[in-house]
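In our numbering, the protein residues as written are 441 to 583.
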């Protein structure tokens with residue numbers, strides 16, 4: 441690889457790393473922002489935004505690692521340390537976002553399952569009340 445190519449790759453790595461780091465910081469801020477846990481629609485929307493953001497940024501994440509590892513291979517061991525540090529930090533933040541997604545998905549599934557169970561009970565009792573009301577009306581009309 442030519443020196444010019446190395447500078448170009450370093451510049452591209454730095455720019456892409458910065459862009460992804462900004463997105464990750466924004467995503468972390470969004471998931472730590474207080475919200476009403478009972479607002480299921482808001483939780484689902486936030487989860488969808490995060491999941492789609494992860495999918496959208498995954499090629500960039502992968503490309504940053506290709507660039508970073510290529511740069512490290514060109515450097516002396518001590519010169520590659522800052523690049524490796526950036527890659528490790530990026531990987532840790534990325535994995536934490538993915539873990540959050542999985543946990544939130546499980547939590548949302550549990551909430552939806554509970555809501556389905558409650559709705560089923562409400563439907564059962566509503567039907568029972570309708571039957572009782574009809575019986576009472578029938579009894580009143582028979583009197």
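For every residue, glycine included, the Cβ atom is placed at its ideal position computed from N, Cα and C.
These figures come from a predicted structure and were not determined experimentally.
Where do the ends of the alpha helix (DSSP H) carrying residue i lie?
i, result
"residue 474", "Element bounds for residue 474: n/a, residue is neither H nor E."
"residue 583", "Careful: residue 583 lies outside any alpha helix (DSSP H) and carries neither H nor E."
"residue 492", "480 to 514"
Using the three-state DSSP reduction, which class does residue i fall into: helix, strand or coil?
i, result
"residue 560", "helix"
Does the Cβ of residue i lie closer than 6 Å to at least one heavy atom of the ligand COA?
i, result
"residue 482", "The ligand content of the structure shown is nil, which means the ligand COA is not present either."
I'd like to know if the region 510 to 527 and the region 462 to 473 are in contact, where contact means that at least 3 CB-CB pairs between them fall below 8 Å. no
When you compare the region 464 to 473 with the region 518 to 526, are there three or more beta-carbon pairs, one atom per stretch, that lie closer than 8 Å? Contact fails: fewer than three Cβ-Cβ distances are below 8 Å.
In chain order, which continuous runs of the beta strand (DSSP E) of length 3 or greater are located wholly inside the region 521 to 576? none
Validate contact between the region 532 to 544 and the region 489 to 497 using beta carbons, cut 8 Å, 3 pairs: yes
Check whether the region 450 to 459 and the region 494 to 509 are in contact - that is, three or more C-beta pairs closer than 8 Å. yes
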